[in-house]
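Top to bottom, those sequences are chains V and B. Just so you know, UniProt numbering puts 17 at position 17 of the first sequence, and the rest follows in order with no gaps. Just so you know, UniProt numbering puts 20 at position 20 of the second sequence, and the rest follows in order with no gaps.
There are 2 protein chains.
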Amino acid sequence: MKGVMPSDIREKMKLLDRAEIIHLGGGLPDPAIFPYEPLSDASARLWADRARAQTALQYAPSEGYLPLREWIAGYMTRQGTACEADNVIITNGSQQGLDFLAKLLLSPGDKALVEIPSFIGALRAFDAYEPQYLGLPEDSADWNPTDLAGAKFCYVGPDFRNPTGTCMSRKDRLALLDLADDTGMAIIEDGCYEQLRYEGEDIASVAALAAERYGSIERSPVLHTGTFSKTIAPSLRVGWIAGPRDVIRRLVLIKQASDLATSALNQMLLLDVVRDHLDTSTRIARSVYRDRCRSMLDAMEEFMPHGVSWTRPQGGLYVWAELPDGIDGAALAARALLERSVSIISGSAFYPANATNIVPKPNTFRLSFSMIPAAAAREGIERLGGLIREG
Amino acid sequence: MKGVMPSDIREKMKLLDRAEIIHLGGGLPDPAIFPYEPLSDASARLWADRARAQTALQYAPSEGYLPLREWIAGYMTRQGTACEADNVIITNGSQQGLDFLAKLLLSPGDKALVEIPSFIGALRAFDAYEPQYLGLPEDSADWNPTDLAGAKFCYVGPDFRNPTGTCMSRKDRLALLDLADDTGMAIIEDGCYEQLRYEGEDIASVAALAAERYGSIERSPVLHTGTFSKTIAPSLRVGWIAGPRDVIRRLVLIKQASDLATSALNQMLLLDVVRDHLDTSTRIARSVYRDRCRSMLDAMEEFMPHGVSWTRPQGGLYVWAELPDGIDGAALAARALLERSVSIISGSAFYPANATNIVPKPNTFRLSFSMIPAAAAREGIERLGGLIREG
């Protein structure tokens, strides 16, 4: 039996049906903004065309539906990473991309370098291949190639990563490429929130900076995962990995052995919708989540007691908070749920289990504003602040 | 880099656009019999109901959409394996079920027992976890628990398995349960062709025999994979694993880490269709494939030269043939394609790479009748027989 563990978050999500609770822990995209009409129309068009319906129902190529791979290559190119369809494999959301990259790169005991704290879904995907974790120091001045040598990859979420909502500077992105250069490791760049910037200037992705530095994606150490789960809808389960074509070819063999192919039906529906509607969907998502982010940060300013600090995200879906020393995030989460009907996620879930150079911070927790209108954010944060103040 | 290899079959399938070739190698279900109208109607109903559409697009539970799991539990129960929704996890087709079971049960170097020859997709799924293969002897009299001890599982396709099309007798299914009893290994039963019997009497699945023997699925060693790919359509990518609930719980953690969940949209569409249409779809599939199976077997009788032997399947999609000693299946496949425009699959692809107790038979090949109307079967087999006769 391998080292897969229950996810704190998914367990908490099962509480979602208890309507009186204010769920600051969740992090699901808001279903109110899914593009129902465009998907319904795309679906009707597909079923009305027997040839397309036949393609949609028959086994698809393991690498994915070519027109969608071409569209994604165009999207990646517009984002600064010039590439072609052969640089793209379709996965069941970016979660499967993370699993496949670990399957490709890790054998038991191999070192894996991860940001601290890290996306829990990535840690669970990597856990299955039994790595020895190393934490990437927060300050890039401490990225010593000697200390970090031997890692098979470094996993990062430069844009508003889960759970901190923070953004990696351009300088640090370039330093990460230096580190990859010095150590020979790959970089797994999780791009799942890259479209969800609400403030500030876009920063080129690590994939784009690498393509610029090396002149071509073919010589890049970066494997970039993407998804439509945050801009269109999660349950089409369509994401991708972009990288050098020889890596993509090896990933296609993994896809073939893992589940043959992603649903052609879903890939075709998605392509039809993103072609005409991705910009609109992204604009709506940014507008809704920008307001919710501000509401939550305003409530934090108003109700969090002295000694609590938190991130001020310019995008994404999350705020990460640090409590005064000695207050345990897990204990707070339990009391918040039981005594104040507020759900939060304890920060300890976001640290890998066996990292040698990491001291987890138990005095942390994660909030998400994605599903929380202003009034609920205010009410929830007031309750939570009150609880912390009481101690 | 792990031991995943290109699939002979998938590569050959890329030739499908060369229309003049008679493709006796393929094995795809015939898209002419997919239930387009029922799926189109189910889709229209779903998009017309905002609450259902919201469920279809939001993240789904990792274990699967509960009403579909309940339906599958009912189906398994009607097939003789009494079980409940908690005994069922939804996977992306049964291929993902095979991958997950190997991920759960195998560590590098562990022994895996497989029928010889075996489904190539299963071998590729298992390969990723680097097992040491053992071949299950063809004659159950040779199933010696001492020789086969230590295997983590035995993988079998009792009903019309790919590539042989043969069926395991009730006596052998019971002997397999004895073997599992004696060795403590699990049994992975691939049920993907169990609905496609064209002649003869149904035989209870190994899962059903185990549930009968042990009084409950909870005490059964059998993990049964199922799919709707052969009866409804492959590209919905919906299959399942049924087994004891403590095993299913561990598989849910693997699903969560691998790709979070199968598309809720596809699960809901499928449920809508199987409820009213599975019997009809299955009846149509049986009728079409039964005729094609007969046509191909008739053509084999007429055109295969003396010294060639083959299976006479009572179901499934495949015929397995053995050439006289000294004729190589791979060389024949290459010449058949180049000189006679007939595709077949060399038998050597269906043997695991490193098994210690197996001598692969290079003088074998696989045919499929699933997409081949009678006239094409006759023409293709005549060409192939002529080539073998020429030598």
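Note that CB positions come from ideal geometry on N, CA and C, so glycine has one too.
- Within the same chain, Gly25, Ser343, Ile344, Ile345, Ser346, Phe365 come within 8 angstroms of Ala333/B by CB-CB distance, once the 5 residues on both sides are set aside.
- The beta carbon of Ala204/B sits closer than 6 angstroms to the beta carbons of Gly80 from its chain, once the five residues preceding and following it are set aside; these are given in chain order.
- Interface with chain B (9 angstroms Cβ-Cβ cutoff): Tyr59/V is included.
- Here the alpha carbon of Ala186/B sits roughly 30 angstroms from the alpha carbon of Thr91/V.
- A contact is defined here as three or more CB-CB pairs under 8 angstroms, and the stretch 280–300 of chain V fails this definition with respect to the stretch 131–149 of chain V.
- Rounded to the nearest whole angstrom, the C-alpha separation of Thr311/V and Gly135/B is 57 angstroms.
- Around the beta carbon of Ala353/B, fewer than 16 other beta carbons sit within 10 angstroms, so the residue counts as exposed.
- Within the stretch 234–258 of chain B, those residues whose Cβ lies closer than 8 angstroms to any Cβ of chain V are, in chain order, Pro234, Ser235, Leu236, Arg237, Arg250, Leu253, Ile254, Gln256, Ala257, Ser258.
- Nearest in C-alpha terms to Ser229/B, of all of Arg45/B, Ala122/B, Gln95/B, Gly157/B, is Gln95/B.
- Per DSSP, the continuous beta strand (DSSP E) segment holding Cys154/B begins and ends at 151–156.
- In the same chain as Leu104/B, and ignoring 5 residues on each side of it, the C-beta atoms closer than 8 angstroms to its own belong to Val247, Arg250, Leu251, Ile254, in chain order.
- Sequence-distant Cβ neighbours of Asp110/B in its own chain, meaning closer than 6 angstroms and more than five residues away, are Pro131, Lys152.
- The stretch 64–82 of chain V and the stretch 306–321 of chain V do not touch, with fewer than 3 CB-CB distances between them shorter than 8 angstroms.
- Comparing alpha-carbon positions, the option among Ala355/B, Ser40/B, Pro360/B, Thr225/B lying closest to Asp325/B turns out to be Pro360/B.
- When Cβ pairs closer than 8 angstroms are counted between the two stretches, the stretch 365–382 of chain V is seen to touch the stretch 24–39 of chain V, the count reaching three or more.
- Put simply, the CB of Ser216/V is far from chain B, with every gap to its CB atoms at 9 angstroms or more.
- Among the residues facing chain V, Asp172/B is not included, as its CB has no counterpart in that chain under 9 angstroms away.
- The three-state secondary structure of Val206/V, taken from DSSP, is helix.
- In terms of Cβ geometry, Tyr36/V and Trp47/B form a close pair [threshold 9 angstroms].
- At the C-beta level, Gln267/V and Tyr65/V come within 9 angstroms of one another.
- The DSSP assignment places 186–190, 222–227, 239–242 as complete runs of the beta strand (DSSP E) inside the stretch 178–257 of chain B, in order along the chain (cut-off: 3 residues).
- Leu28, Pro29, Pro31, Phe34, Tyr36, Leu39, Ser40: these are the residues of the stretch 22–41 of chain V whose beta carbon lies less than 8 angstroms from some beta carbon of chain B, given in chain order.
- A straight line joining the alpha-carbon of Ser216/B with that of Asp172/B spans about 21 angstroms.
- Counting only the Cα atoms, Arg245/V lies some 8 angstroms from Val88/V.
- DSSP places Ile381/V in the uninterrupted alpha helix (DSSP H) bounded by 374–390.
- Contact annotation: His224/V and Gly200/V have beta-carbon atoms that are not nearer than 9 angstroms.
- With fewer than 16 other beta carbons inside 10 angstroms of its own, Ala32/B counts as exposed.
- Taking the Cα positions, Glu212/B is about 28 angstroms away from Arg283/B.
- Contact between Asn363/B and Leu323/B is confirmed by a C-beta separation of about 4 angstroms, below the 8 angstroms threshold.
- The beta carbon of Phe303/B sits closer than 7 angstroms to the beta carbons of Ile381, Glu382, Gly385 from its chain, once the five residues preceding and following it are set aside; these are given in chain order.
- For chain V, the residues of the stretch 89–100 of chain B that bring a beta carbon within less than 7 angstroms of one of its beta carbons are Asn92, Gly93, Gln95, Gln96, Asp99, in chain order.
- For the options Gly307/B, Pro158/B, Leu106/B, Ala336/B, the alpha carbon positioned closest to that of Asp190/B is the one of Pro158/B.
- Within the DSSP secondary-structure output, Ile22/V pairs in a beta bridge with Val342/V.
- Distances from the alpha-carbon of Ile116/B to those of Ala207/B, Gly165/B, Gly150/B, Pro29/B put Gly165/B closest.
- The beta carbon of Pro305/B is closer than 7 angstroms to those of Gly385, Ile388, Arg389 in its chain, skipping five residues each way along the sequence.
- Ala261/V and Ala331/V have their alpha carbons spaced roughly 43 angstroms apart.
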